[in-house]
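Taking the numbering used here, I'd label the letters of the sequence shown as residues 25 to 209.
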Amino acid sequence: PFGLDYQEMVDWHNGTGNHGRGAALNNSYGATYWAWMKDYDPVNGEYVWSPPSVWMGEKYVEVDNRFGPWYAPAGDTRGKLLGVNQIEASPSKPQRDYLYGDLNAVNPIVKFATKGIEIYGQKTLLRQNSVLNRVNVRRMVIYAKKLIRNAMQGLIFEQNTPDTWARATNFINSILEPIRQRNGL
């Protein structure tokens, strides 16, 4: 939601407070980013506020194309948001620690004086310590599962024999090895 401060954002994320949510967000297939950003709308000739999701879709595609889905869409190398004119709020270090600490999983977007505007977190909404509480790990698993599922289509209804298992192993290894070589595993 637009207009929340960092404490209200954590409350919204946790399903507490008066922000229209009744339950905590808890899922490794989603991520929350804060704060909103302002960009120029050439159609209407004005600056408009947009939610972080507008920018994150573009950032995920950029990271996928340049590095791979197993790289974090955050930090100095892959988290810079070019074209953003202003952010709603830039959390301080203690505020970032609160947004991102413990089981809170609000990924802060920060305006640094020397580095510009950056995504400075990459947690999923999963509320437990697990490898799947990181965006890059979840996205790598989704990517690999999709490729493996497609490769295995040719083995549906085949006999459960050593030959079938060898073919499946070869398919899977041919998918996972390039991911490993590009630092995904």
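Even glycine gets a Cβ: it sits at the ideal position worked out from N, Cα and C.
Per the DSSP secondary-structure output, residue 93 pairs with nothing in a beta bridge. If you look at residue 72, you'll find it in the beta strand (DSSP E) that goes 70-74.
If you keep only unbroken beta strand (DSSP E) runs of at least 3 residues inside the stretch 121-201, you get 130-136, 140-143. Between residue 147 and residue 158, the gap from beta carbon to beta carbon is short of 8 Å. Residue 58 holds the alpha-carbon nearest to the alpha-carbon of residue 75 among 58, 83, 200, 88. In terms of Cβ geometry, residue 131 and residue 143 form a close pair [threshold 8 Å]. Per DSSP, the unbroken beta strand (DSSP E) holding residue 58 starts and ends at 56-58. Residue 98 sits close to residue 145, with the two beta carbons spaced by under 8 Å. For residue 100, the enclosing alpha helix (DSSP H) begins and ends at 99-102.
For residue 55, the closest C-alpha among the options 88, 151, 205 is that of 151. Residue 185 and residue 28 have their alpha carbons spaced roughly 58 Å apart. For residue 63, the enclosing beta strand (DSSP E) has its first and last residue at 61-65.
Nearest in C-alpha terms to residue 108, of all of 62, 92, 177, is 62. In its chain, beyond the 5 residues on either side, 206, 208 have a beta carbon closer than 7 Å to the beta carbon of residue 92.
By the C-beta criterion, the stretch 190-197 is judged to be in contact with the stretch 167-182, since at least 3 inter-stretch pairs fall below 8 Å. An exposed status is given to residue 204, since fewer than 16 other beta-carbon atoms sit within 10 Å of its beta-carbon. When the beta-carbon positions are compared, residue 129 and residue 37 come within less than 8 Å of each other. CA-CA distance, residue 50 to residue 73, rounds to 27 Å.
Going by beta carbons, residue 30 and residue 123 fall inside the 8 Å limit.
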